[in-house]
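Here's the structure, in structure tokens; my notes come after.
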Amino acid sequence: MRITPRKLNSFLLFKLPAAYFTGVRATYLDDAKCTVSVKYRWINQNPFSSMFWAVQGMAAELTTGALVMKKIRESGQKVSMLVASNNASFTKKATGRITFECIEGYKIDEAISNAIDTKEGQTVWLNAKGINKEGIQVSDFNFEWTLKIKSE
0 MRITPRKLNS
10 FLLFKLPAAY
20 FTGVRATYLD
30 DAKCTVSVKY
40 RWINQNPFSS
50 MFWAVQGMAA
60 ELTTGALVMK
70 KIRESGQKVS
80 MLVASNNASF
90 TKKATGRITF
100 ECIEGYKIDE
110 AISNAIDTKE
120 GQTVWLNAKG
130 INKEGIQVSD
140 FNFEWTLKIK
150 SE
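Here is the structure:
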């Protein structure tokens, strides 16, 4: 089964309802890039009249995680995936529609290939930037994903 933005959004509803109900939505996914969007609303606000940092984190993590899931599916291997570490920086209030994008699919290809070849766990750092409708970066997230081939 192919992973598409529509299927990811259905997945959110049933498996990650906090992300779904706060407005996190996948909008684009291919071999190199994933785009996720979320609009500032009452349900995802903080007391400072901007989007709560955790909602931005869910959107950012989905951009990287969706790429990892897609690449694992395409590999035909059983691979476990887990976020081991992350960091973020915030440079502007997140209001309006914020779009997160990860364009590092090639890094996942390398990590999965190395995991298959060496039979050892691999880590890969993936970045997602949050950009507002004016094209200004509001946040920058990095996630360290661990990938390990599951033993039969």
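Numbering of the sequence shown is given in numbering that gives the first Met the number 0, commencing with residue 0 and proceeding in unit increments. Glycine residues also receive a C-beta, built at the ideal position from the N, C-alpha and C atoms.
Mapping DSSP to helix, strand and coil, what is residue i?
i: residue 2; result: coil
i: residue 113; result: helix
i: residue 79; result: strand
i: residue 74; result: helix
i: residue 107; result: helix
i: residue 90; result: coil
i: residue 129; result: strand
Going by DSSP, what residues sit across from residue i in a beta bridge?
i: residue 38; result: 96
i: residue 118; result: Bridge partners of residue 118: none, in fact.
i: residue 150; result: Paired residue(s): none; residue 150 is not in a bridge.
i: residue 85; result: 142
i: residue 123; result: 144
Hey, residue i and residue j: beta-carbon distance below 7 Å or not?
i: residue 23; j: residue 53; result: no
i: residue 95; j: residue 39; result: yes
i: residue 142; j: residue 87; result: no
i: residue 35; j: residue 93; result: no
i: residue 2; j: residue 69; result: yes
i: residue 129; j: residue 44; result: no
i: residue 26; j: residue 42; result: no
i: residue 104; j: residue 30; result: yes
i: residue 33; j: residue 66; result: yes
Using 6 Å as the cut-off, classify the Cβ of residue i as near or not near the heavy atoms of the ligand GDP, replying yes or no.
i: residue 142; result: Only the bare structure without any ligand can be found here, which leaves the ligand GDP out of the picture.
- Segments assigned alpha helix (DSSP H), at least 4 residues, entirely inside the stretch 6-56: 16-20
- Message: Within 8 Å, do at least three Cβ pairs link the stretch 137-146 to the stretch 107-123?
- Response: yes
- Item | Contact the stretch 58-68 vs the stretch 87-106: 3+ CB pairs below 8 Å | yes
- Message: Is it the case that the stretch 3-18 contacts the stretch 72-85, given that we only count it when at least three CB pairs across the two stretches are under 8 Å?
- Response: no
- Quick check: the stretch 37-54 against the stretch 102-112, are there 3 or more CB pairs under 8 Å? no
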